Structures are given as structure tokens and as C-alpha cells.
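Numbering (my numbering), first residue to last: 143 to 580.
Don't be surprised by glycine CBs; every beta carbon is placed ideally from N, CA and C.
It should be emphasised that the depicted structure is a prediction, and the values quoted were computed from it without experimental measurement.
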Ligand code: 5CA
């Protein structure tokens, strides 16, 4: 991508109303723009990263055997009246009337709608287990929308729903989602820690939140110190296996959100760390909570009608963009992990307009594209200093800095954004570094 052609409205000033660094950096780099309280437009840079996160999540869900569907944002109130949640959900639910005076709502979550789809089509245990997921915008009229995309009113969620014939198999489905969450956060370059959690308005008895440790996180959490450094290999995971043992590896440690923490837990001879974190995923096992009132039953092998056992599994996709930045930045800006970076390389032409610099940069850019490398080329006519500061701000992993001095010495600077290390490479060494063979 040529920066001169890319719509990236970078702000010079630090926005006044942004309280946390990820919000500041998302505004400064022109990733998002507030439309109204807790509601954002995604500008090109933000959209690219959001799509990368969506992609990783979608792939892992499919890997784990889930089927992708797409349910609407607007739902009929009728199904929520059947489940009993229409009144319970309170002021967070945005209620709408259509021209015929019918009650609609902008979905805050989809247990009811997916159960309706299920009960229409699934009648036999032979069609189970089933997991349906979608990636769709949600609306919750949060009391305190804040921190940009972290606590929005409109936000993008991946929500999956599992259906099983009995309790034991529904726990297996829960475990598959548990492990797929560990995988997908890792694939985003993040370390998420699973913690026992409260179920709130979704309901059920078994629930885990996946937390990225960060000072600015909204959740207070209590974690055994050993878990903070623990990483199971998670290689060669087969989602058809019984994953209870894998799940136990994590749940054998103590980790709880504030709601689940009991001060007596401190006395159990555990070394507990009290810290804060960002909830990027939340999974629930609630059995027959929705299937009973909504008549979602299937016949078992003996022809007996059983209300299906369910779980639901959410990932905060738009929140994750903020969470990744919260976990990966320094004083100069964002430091994208390679997994979700908008591009891997940033060519910086320190003297656009200089014939030799232009030629070397644009040839290199063409060559890199021909070799399928993901590259942003700053071909604008800004001052060198401004370009370098912008490159640090937007934080691509490698900067290839080309200016008159380098051209004269035939040495090009390659800066590793994370470590700050700069290597001086000849053109051939540069091609070697980029794995380009001529
Ligand atoms: N139905 C269940 C799981 S599918 C559910 O709605 N779970 S949830 O309420 O915990 O939301 C799932 C995830 O969405 C959360 O873990 C969080 O990452 C994200 N999320 C929730 N509320 C917001 C919000 N206001 N802004 C941004 N992300 C949010």
C-alpha cells in the first residue's frame, strides 16, 4: 500500500477525552472515529486490524468444528418473552418499534435467536453435537461506555452456541471451546488467562472469562502466580479428542474474577496475585436454561424427548483491537505483534522527490509486493522527522529507512520497531533479510 493513497487521518494532538493508551493510539493513528457515545466508525487502518482478528477467530472456530451462520442485528421481542429475558435484560437492551407497532430489539446477544433456529430444524440426537457461530454487531446500552472500543455500546462479537443431547457431551463441547479460545488468543499474539467467572444475565453454573493482564483493564482478578507464567504447548490439538485433561491443566491453578473471589481463598496457601485485566472472551455452560422455556428438544436414541443442553461462547472482536494495543505499545506508539499487524514492513523514503531515493524505494516496493510481502510504503512528501515519528506511531514490525546518506553509502537502515535495534544492510543483505531471491 502507498501511504499517499491510504486514508489514515493521523492526529497530531493527544485527544483530550481518551483515558487509556489504546484509545489514545487508536484515535491518533486514525483507526476509529467516534460517531456517538460508545459507537465508532472504523477507518481503513482500524478495519484492516479488525479483519485480521476476525479472520483468526473464524478459522479457529471452523477448526473446532463450528458452523458459521449470520443472524440479524434486529430481533423480534417475542422469542425474548418466551425465554423470560425480555423484562430481565433491563435498560441495556435497545428496544425498537416497527411501523406496525411490533416490538423489536437490537440484539445484545443471541441465545434466543439461535435456539429458535435450532428447534426449527433439529429433532434427533443423530444431528448432535452441533455448534453454530456468527460474527455480528451487538448493541448494549451500557451505563458507562468508555475506553473507546473496550466498552462500546455497539461492538463486534463472535458468539458460538453449542447443542448436545446430555450433560456429559455438553461439557465436552464446552471444553472444545475453552481450548479453541486458548489457541485463538495465542494466534493473535496474546496471552489470555482463563478464570472462573460469574454468569450474569446469560445464566448457568459453569463459566470462564479469558483475561489479558493489563493495568487499565476493567476487571479485578486474582491469579495464582504460577498461572501467570504457565503456557501449555497446545500443539497437535485434536478437537475430536476428549479435551478435559487439557482444560484441567489450566483450571488446576487458582484464577478468579472479582465476583468469584472469596477472601478466604487467600488462606489456602496459594501465592495469589491481585491484578487487573481485560476480558476478551467469556464462555458459559447453562444446560437447559433456554431449551426448556423455548421448547428446543430432540429425541434421544430411545425416542424420548430431551431438552437440549447448551453453552454459549463469546469473543469481543472489536474490544480485542484495543486489548492488543494495550498489551503492545511504548512511549512512541503501537508495537504491533506480527500476528495482527496491518503490514509487516514499512518502507520510509526520507527524501521523496529525490530521483535516486524514489527509484530505489519504488523498485524495492514493487519487488516486495511481487514476493507477496505485506508492505506499506511512505511515499509522501512529509519531512523525514515527521515520517519517522509516524512510522513509530503506527508501529509496523520492521522499518526500512532509505535516505540520501544510505543511498550514497549503499547501506540501508532496517529498524526493528520492538527492540529499537537498527541494522545497516547492503542491498543484497536487505533482500536476504526479506527472503527475496532474484
Ligand atoms: N452470549 C454470551 C456469550 S456468546 C455473551 O454475550 N457473553 S458476554 O456478555 O460475556 O460477551 C462476550 C464478550 O463480548 C466479552 O467477553 C467481551 O469481550 C465482549 N463485550 C461485552 N460487552 C462489551 C462492550 N460493551 N464493548 C466491547 N466488548 C464487549
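Let's see if you can read the secondary structure: which residues bound the alpha helix (DSSP H) around residue i?
{"i": "residue 211", "result": "Residue 211 -> no alpha helix (DSSP H), and no H or E assigned at all."}
{"i": "residue 222", "result": "219-225"}
{"i": "residue 371", "result": "367-371"}
{"i": "residue 575", "result": "569-575"}
{"i": "residue 164", "result": "163-170"}
{"i": "residue 145", "result": "Looking at the DSSP string, residue 145 is not in any alpha helix (DSSP H), and its letter there is neither H nor E."}
{"i": "residue 534", "result": "526-536"}
{"i": "residue 260", "result": "253-263"}
{"i": "residue 197", "result": "186-205"}
Per DSSP, residue i is paired with what?
{"i": "residue 512", "result": "Looking at the DSSP assignment, residue 512 forms no beta bridge with any residue, so it has no partner."}
{"i": "residue 296", "result": "281"}
{"i": "residue 449", "result": "439"}
{"i": "residue 351", "result": "337, 424"}
{"i": "residue 409", "result": "Paired residues: none, contrary to the question."}
{"i": "residue 382", "result": "None, per the DSSP bridge assignment."}
{"i": "residue 505", "result": "Residue 505 pairs with nothing; no bridge assigned."}
{"i": "residue 275", "result": "210, 302"}
{"i": "residue 557", "result": "541, 564"}
{"i": "residue 455", "result": "302, 425"}
{"i": "residue 475", "result": "472"}
With a cut-off of 8 Å on the beta carbons, I'd call residue i and residue j a contact; round off their distance for me.
{"i": "residue 301", "j": "residue 454", "result": "6 Å"}
{"i": "residue 417", "j": "residue 363", "result": "6 Å"}
{"i": "residue 295", "j": "residue 281", "result": "6 Å"}
{"i": "residue 224", "j": "residue 247", "result": "With 8 Å as the limit, residue 224 and residue 247 do not qualify as a contact, their Cβ atoms being about 14 Å apart."}
{"i": "residue 266", "j": "residue 429", "result": "So it is not a contact: roughly 20 Å between Cβ atoms."}
{"i": "residue 260", "j": "residue 438", "result": "5 Å"}
{"i": "residue 161", "j": "residue 288", "result": "7 Å"}
{"i": "residue 556", "j": "residue 542", "result": "6 Å"}
{"i": "residue 490", "j": "residue 528", "result": "So it is not a contact: roughly 11 Å between Cβ atoms."}
{"i": "residue 488", "j": "residue 540", "result": "7 Å"}
{"i": "residue 165", "j": "residue 545", "result": "Residue 165 to residue 545, Cβ: 34 Å. No contact."}
Got a sec, what are the start and stop residues for the beta strand (DSSP E) residue i sits in?
{"i": "residue 309", "result": "Where residue 309 is concerned, there is no enclosing beta strand (DSSP E), although the alpha helix (DSSP H) it sits in stretches over 309-329."}
{"i": "residue 541", "result": "540-544"}
{"i": "residue 460", "result": "Looking at the DSSP string, residue 460 is not in any beta strand (DSSP E); the run it does join, the alpha helix (DSSP H), is 459-469."}
{"i": "residue 596", "result": "Since the first and last residues shown for the chain are 143 and 580, residue 596 lies out of range."}
{"i": "residue 488", "result": "487-491"}
{"i": "residue 398", "result": "397-399"}
{"i": "residue 246", "result": "245-248"}
{"i": "residue 176", "result": "174-178"}
{"i": "residue 236", "result": "236-239"}
{"i": "residue 519", "result": "517-520"}
Nearest by alpha-carbon distance to residue i: which of the options is it?
{"i": "residue 474", "options": "260, 536, 234, 565", "result": "536"}
{"i": "residue 249", "options": "299, 201, 538, 289", "result": "299"}
{"i": "residue 522", "options": "215, 492, 279", "result": "492"}
{"i": "residue 191", "options": "325, 538, 574, 374", "result": "538"}
{"i": "residue 346", "options": "413, 189, 451", "result": "451"}
{"i": "residue 334", "options": "472, 373, 303", "result": "373"}
{"i": "residue 291", "options": "388, 181, 235, 269", "result": "181"}
{"i": "residue 568", "options": "506, 531, 527", "result": "506"}
{"i": "residue 361", "options": "389, 423, 407, 314", "result": "423"}
{"i": "residue 355", "options": "320, 470, 270, 386", "result": "470"}
{"i": "residue 212", "options": "278, 234, 185, 202", "result": "278"}
{"i": "residue 124", "options": "562, 352, 143", "result": "No answer is possible for residue 124: it lies beyond the span of the chain, which begins at 143 and ends at 580."}
{"i": "residue 516", "options": "576, 443, 460", "result": "576"}
{"i": "residue 513", "options": "573, 359, 198, 172", "result": "573"}
{"i": "residue 502", "options": "479, 483, 552, 478", "result": "552"}
{"i": "residue 427", "options": "394, 504, 317", "result": "317"}
Would residue i pass as an interface residue toward chain C - the criterion being a Cβ-Cβ separation below 8 Å?
{"i": "residue 495", "result": "No chain C appears in the structure shown, which is made up of a single protein chain."}
Please indicate yes or no: does the CB of residue i lie closer than 7 Å to some heavy atom of the ligand ZN?
{"i": "residue 457", "result": "With respect to the ligand ZN, the structure offers nothing, as its ligand set consists of the ligand 5CA."}
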